[in-house]
DNA sequence: ATGGCACCAAACTGGTGA
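In this note's numbering, the protein residues as written are 450 to 708.
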């Protein structure tokens, strides 16, 4: 089973590229972030026509997440628990049946957190604290659990073209990294790092010739419970998509599993 | 080098992103 995370930076702006890529690659489950659309505006029919089931958790203009799956959904949950006042659409989770049992796939768009001297940064940290509690609960199921998405977090210096320039950014500073390590130390395996030591960037800014200079960062991750990590067969960053016409600034990141 | 580019809502400019 091929499971993908992709921040598409606007479903309306990226629909043509998404449809062509789905037809070409035929992934089993695709988790999208930053759909920037309300549920009613999401082009579900065009995606369903390619054989996918579609579940969305949308929002006007910003944020928004969706899961596309060839396997039917057994269950869907929307929103990160722990703060009833949080109205930002940043989490959707699906449960799927596979021959060996159930697979739980949780798709997140973790807050960016910049600038750090605004309320955006404490919001990011509080969101991460809630995510740690959520993941801890999910891990008690002792089942294949895949927490994937745009984490807006650079795990190590290998994951950034210029560590000194980025140090202090909300994506790469002690408060953010502490929480990411707490999350990983619950027992989650980074699917890319389990397979390669190469930098494996997943984002290149639209600005300043970042793609041309390979000035990238690795911020899109698949984090695996032990039961999911045991089934990991490979991983892949679809870097070629960054060179297409009208690309997203993020590329798809794929985990391959023996489910 | 805080600007550069791209998206969205919806004025023809500003908010947001990373």
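Even glycine gets a Cβ: it sits at the ideal position worked out from N, Cα and C.
Between residue 578 and residue 518 the beta-carbon gap is near 29 Å, outside 8 Å, which marks them as no contact. In the DSSP assignment, residue 546 falls within the unbroken beta strand (DSSP E) covering 540-547. Within the DSSP secondary-structure output, residue 550 pairs in a beta bridge with 547. DSSP places residue 504 in the strand class (E or B) of the three-state scheme.
Here DSSP, grouped into helix, strand and coil, assigns residue 510 to coil. As a beta-bridge residue in DSSP terms, residue 525 pairs with 543. A residue is called buried when at least 16 other Cβ atoms come within 10 angstroms of its Cβ; residue 682 does not meet this threshold and is exposed. When beta bridges are read from the DSSP output, residue 703 appears opposite 453 and 685. Residue 573 and residue 617 have their C-alpha atoms spaced approximately 14 Å apart. The continuous alpha helix (DSSP H) containing residue 613 extends over residues 612-615.
Per the DSSP secondary-structure output, residue 478 pairs in a beta bridge with 452 and 518. Just so you know, the alpha carbons of residue 501 and residue 613 end up roughly 43 Å apart.
Taking the C-beta atoms as reference points, residue 619 is found no nearer than 7 Å to residue 665. Checking the DSSP bridge columns, you'll see residue 570 has no partner listed. Closest by C-alpha distance to residue 640, out of 667, 566 and 654, is 667. Residues of the same chain with a CB within less than 6 Å of the CB of residue 628, apart from the 5 flanking positions on each side, are 577 in chain order.
Collapsing the DSSP output to three states places residue 491 in coil. Under the three-state reduction of DSSP, residue 653 is assigned to strand.
For residue 662, the number of other beta carbons within 10 angstroms of its own is below 16, and it is reported as exposed.
By the neighbour-count criterion, in which a residue is buried when 16 or more other Cβ atoms sit within 10 angstroms of its Cβ, residue 649 is buried. Annotation: residue 599 is outside any alpha helix (DSSP H); the continuous beta strand (DSSP E) that includes it extends over 594-599. Sixteen is the threshold: since fewer than 16 other Cβ atoms of the shown chains lie within 10 Å of the Cβ of residue 548, the residue is exposed. Going by DSSP, residue 627 is part of the alpha helix (DSSP H) stretching over 623-633.
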